Amino acid sequence: MKYINNTVVMKRMKTRLNLNKIWKMIFLFATSLALLALVLLLIRIISQGTGYLNWDFLNNFGSRFPEKAGIKAALVGSFYLMLVIAPVSMFIGVGTAIYLEEYAKKNKITDFIQMNISNLAGVPSIAFGLLGLTIFVRMFALGKSILAAGFTMSLLILPVIIVAAQEAIRAVPKEQREASYGMGATKWQTITRVVLPSAIPGILTGSILALSRAVGETAPLVVLGIPVILQFLPDGLLSQFTTLPLQIFDWAKRPQEEFQYVAAAGIIVLMIFLVIMNSIAITIRNKFQKRY
Amino acid sequence: MASHGLEKGQSVQQLIAQSRNKKGKKIIEKSMPILLIITALISVFTTIGIVFTLIFETFEFFQRVSITDYIFGTEWMPFSGNEPTYGILPLVLGTLKVSVIAALVAVPLGIAAAIYLSEYASDKARRIIKPILEVLAGVPTIVYGFFALTFITPILQQLIPSLKIFNALSPGIVVGIMILPMVASLSEDAMSSVPNSIREGALALGATKLEVSLKVVLPAALSGIISSVVLAVSRAIGETMIVSLAGGATPRFDFNVTDSIQTMTAYIVQVSSGDAGYGTTIYYSIYAVGFTLFIFTLLMNLLAQYISKRFREEY
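Here the protein sequences come in this chain order: A and B.
Counting from 1, position 268 in the first sequence corresponds to residue 268 in UniProt numbering; the numbering is continuous, with no gaps.
Counting from 1, position 115 in the second sequence corresponds to residue 115 in UniProt numbering; the numbering is continuous, with no gaps.
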């Protein structure tokens, strides 16, 4: 008696193998669709925006006339905003990470803080805008200033920085800490002279990536009521200001077609800004990160 | 430094005792943990701040508008002069339309990309594709919004002539593209963490790669994949700039995706970019809408955490 019919087996094998090939193509196609979207987006924006991208565009203030519109105030505003966000968010973020990784005991409170951080990361950015509007703009009476916006944005990117710093600190091997204690160093000395120097590339990379997210963020600033078109540069941290994404948002909303090109030119500047920041982050990661 | 060196006539014990007694060091050792706890508590206070701000201002809102009218009302017309109505359902429906379309785009494509990356792609292909996905995830939402309004909408209008300039379809698709990298990379993480021995077992039994992917790896990684989808949808619900630019400002209570809509986030932006005076009902309404949005995303995030914890397969 023959239990296995060879031709049937061969036939089924063939269909199964063909199915495998077809689905591989489908999976590859799905993956390339995502890449296609990115390419289309870049081509579209570059082809629309390059015509308007010149020195006048960088050096003019906002205007009602598309040919005179520029991004000077927005560019300087975004830069000032970064100057507030970077130290504030890094100080709080790295401090939290050191506490959680080096000092905190494994208990309910630590678990709660940790859970809170991961939930905070999922809160929509617009909710941070409402928080900033009530607390910083109104309660602390900072107005629609760089400081108010900077604090709001710092809180927004805080979870990202904390998690990145925690990972960087966790990656420092235990032996290094123990060697430091063995030499008689105190806990704080070990943290500042052994742990942090090893962890700083990872912390910096994560922080710069988080900062670049803050630079591109629009929604919270709209809620804070940050003005869009300004004819002057900010003259201090309590001054009014505007940022690149806000300026782009305003142009994109306008019905005249010329403003779409102006908006595209603004987007190119914003993307260049982000590419520079990301390249710095990646360079730091590749150059200084140690693997243990 | 002199104090660290051994001075004449001083024993090592004395030196140790001397350095122990140094006051500055002790103060730093004791005070730094306290400072660090304070920084750690800021994140907790942020959450408390968000929740309380939203609750207080929402409470103020419900002094003026009945809570049942808000939750069950099907008409959202805050700017109508004589009799403004505040029924949240049209805004919720607008948000849902966009999120569902986004999920329809992102879930199949994202999971397919995850399967390709984790099961089929060579190391080299993976090294090229993953950074590109990261770039896609890092594009600011305002750029996506611009892309939806000026590129996707005109293309869709060629295909569907009845499509309005502002609609649910175009922002839905673009939000889908925005959350796609999130679905792909989180699902890929989940699938890559399935141990190779299980794959090899199935392959040794004669399964094809497709059968291994769909019948072995996918079920094993299912909790991670589902939680990535839930997280991505929660991101879509909270997405603001794409829907503000391309979705329009017409809250409506129907399932039409070709007409102008308004989502919860877009309403907050609309009021904020106008001049709603402090203390007016419209001013408080953005907090009520924000609170509703917050509850939606919080529930989804908790659900994602629950799924990934409760149903995780441990190897």
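Glycine included, every Cβ here is placed at the ideal spot set by N, Cα and C.
Keep in mind the model is a prediction, meaning the values are calculated, not measured.
Looking at chain A, is there any beta carbon in it that lies within less than 7 angstroms of the beta carbon of residue i?
i	result
Leu136 of chain B	yes
Leu104 of chain B	no
Ile165 of chain B	no
Met241 of chain B	yes
Met32 of chain B	yes
Tyr116 of chain B	yes
Ala40 of chain B	yes
Gly238 of chain B	yes
Leu109 of chain B	yes
Val92 of chain B	no
Ile132 of chain B	yes
Met1 of chain B	Because Met1 of chain B sits at a pLDDT of 44, beneath the cut-off of 50, its placement in the model cannot be relied upon, and the point is left open.
Phe296 of chain B	no
Val216 of chain B	no
Gly290 of chain B	yes
Tyr283 of chain B	no
Tyr306 of chain B	no
Gly177 of chain B	Inspection of the sequence shows that residue 177 of chain B is occupied by Ile rather than by Gly. It does; some Cβ of chain A falls within 7 angstroms.
Glu29 of chain B	yes
Ile226 of chain B	no
Asn82 of chain B	no
Asn301 of chain B	yes
Leu222 of chain B	no
Thr95 of chain B	no
Leu203 of chain B	no
Tyr120 of chain B	yes
Thr46 of chain B	yes
Gln18 of chain B	no
Residue i versus chain A: which residues are under 9 angstroms apart at the beta carbon?
i	result
Ser43 of chain B	Ile92, Gly93, Thr96, Ile113, Asn116, Ile117, Leu120, Leu155, Leu158, Pro159, Ile162
Phe61 of chain B	Neighbours of Phe61 of chain B on chain A: none; closest Cβ ~12 angstroms, over 9 angstroms.
Lys25 of chain B	Thr186, Trp188, Gln189
Glu57 of chain B	Leu130, Thr134
Thr85 of chain B	Neighbours of Thr85 of chain B on chain A: none; closest Cβ ~22 angstroms, over 9 angstroms.
Tyr70 of chain B	Ordered by position in chain A, no residue passes the 9 angstroms Cβ test against Tyr70 of chain B, which lies about 17 angstroms from the chain.
Going by DSSP, which residues form a beta bridge with residue i?
i	result
Trp76 of chain B	B:Tyr86
Gln240 of chain A	A:Ser145
Using the beta-carbon of each residue, which ones in chain A are nearer than 8 angstroms to residue i?
i	result
Ala113 of chain B	Phe27, Ala30, Thr31, Ala34
Lys209 of chain B	Asn20, Lys24
Ser234 of chain B	Gly122
Ile88 of chain B	The premise fails here: Ile88 of chain B is roughly 16 angstroms from chain A at the closest Cβ pair, so nothing lies under 8 angstroms.
Residues of chain B with a CB under 9 angstroms from the CB of residue i: which are they?
i	result
Ile135 of chain A	Gly49, Thr53
Leu274 of chain A	Gly138, Val139, Pro140
Under 7 angstroms between beta-carbons, which chain B residues line up against residue i? List them in chain order, please.
i	result
Gln260 of chain A	Thr150
Leu17 of chain A	Thr208
Ile267 of chain A	Val143, Phe146
Ile71 of chain A	Chain B residues near Ile71 of chain A: none, gap ~13 angstroms exceeds 7 angstroms.
Ala263 of chain A	Phe146
Pro245 of chain A	Pro140, Ile142
Establish whether the CB of residue i and some CB of chain B are separated by less than 7 angstroms.
i	result
Leu38 of chain A	yes
Gly216 of chain A	yes
Trp55 of chain A	no
Ile200 of chain A	no
Ile126 of chain A	yes
Ala210 of chain A	no
Leu41 of chain A	yes
Tyr99 of chain A	yes
residue 336 of chain A	Outside the shown range of chain A (1 to 292) lies residue 336 of chain A, about which nothing can therefore be said.
Tyr52 of chain A	no
Phe61 of chain A	no
In chain A, which residues lie with their C-beta within 7 angstroms of the C-beta of residue i?
i	result
Leu180 of chain B	Ala34
Just to make sure I have the definition right: I need the residues of chain B whose C-beta is within less than 8 angstroms of the C-beta of residue i. Which are they?
i	result
Asn286 of chain A	Simply none; closest approach about 12 angstroms.
Arg44 of chain A	Phe147, Thr150, Phe151
Lys253 of chain A	Leu245
Would you be able to state if there are at least three C-beta pairs under 8 angstroms between the segment 113 to 121 of chain B and the segment 21 to 33 of chain A? Yes, the segment 21 to 33 of chain A touches the segment 113 to 121 of chain B.
Please list the residues of the segment 256 to 277 of chain B that have a C-beta atom closer than 7 angstroms to any C-beta atom in chain A, keeping them in chain order. Of all residues in the segment 256 to 277 of chain B, the ones placed with a Cβ closer than 7 angstroms to any Cβ belonging to chain A are Thr265, Ile268, Val269, Ser272, Ser273, in chain order.
Inter-stretch contact at 8 angstroms, needing at least 3 Cβ pairs: the segment 203 to 220 of chain A / the segment 137 to 149 of chain B: Cβ pair count under 8 angstroms is three or more, so yes.
Would you list, in chain order, the members of the segment 223 to 241 of chain A that have their beta-carbon closer than 7 angstroms to a beta-carbon of chain B? Within the segment 223 to 241 of chain A, the qualifying residues are Val223, Gly225.
Count the C-beta pairs between the segment 254 to 268 of chain A and the segment 34 to 51 of chain A that are closer than 8 angstroms, then say yes if the count reaches three, no if not. Flag = yes, the segment 254 to 268 of chain A and the segment 34 to 51 of chain A touch.
Count the CB pairs spanning the segment 157 to 165 of chain A and the segment 91 to 111 of chain A that are closer than 8 angstroms, and state whether there are at least three. Touching, yes, given that three or more Cβ pairs across the two stretches are closer than 8 angstroms.
Are three or more beta carbon pairs between the segment 125 to 135 of chain A and the segment 59 to 68 of chain A nearer than 8 angstroms? No, the segment 125 to 135 of chain A is not in contact with the segment 59 to 68 of chain A.
Count Cβ pairs between the segment 80 to 99 of chain A and the segment 148 to 162 of chain A that sit closer than 8 angstroms; are there 3 or more? Yes, they touch.
Determine, using beta-carbon pairs with one atom in the segment 227 to 237 of chain A and one in the segment 147 to 166 of chain B, whether at least three such pairs fall under 8 angstroms. As far as the Cβ criterion goes, the segment 227 to 237 of chain A does not touch the segment 147 to 166 of chain B, which means the pair count is below three.
Pair every Cβ in the segment 74 to 88 of chain A with every Cβ in the segment 113 to 124 of chain A, then say whether three or more of these pairs are closer than 8 angstroms. They do not touch, by the three-pair rule.
Is the segment 116 to 130 of chain B touching the segment 275 to 286 of chain B in the sense that three or more CB pairs, one from each, lie closer than 8 angstroms? As far as the Cβ criterion goes, the segment 275 to 286 of chain B does not touch the segment 116 to 130 of chain B, which means the pair count is below three.
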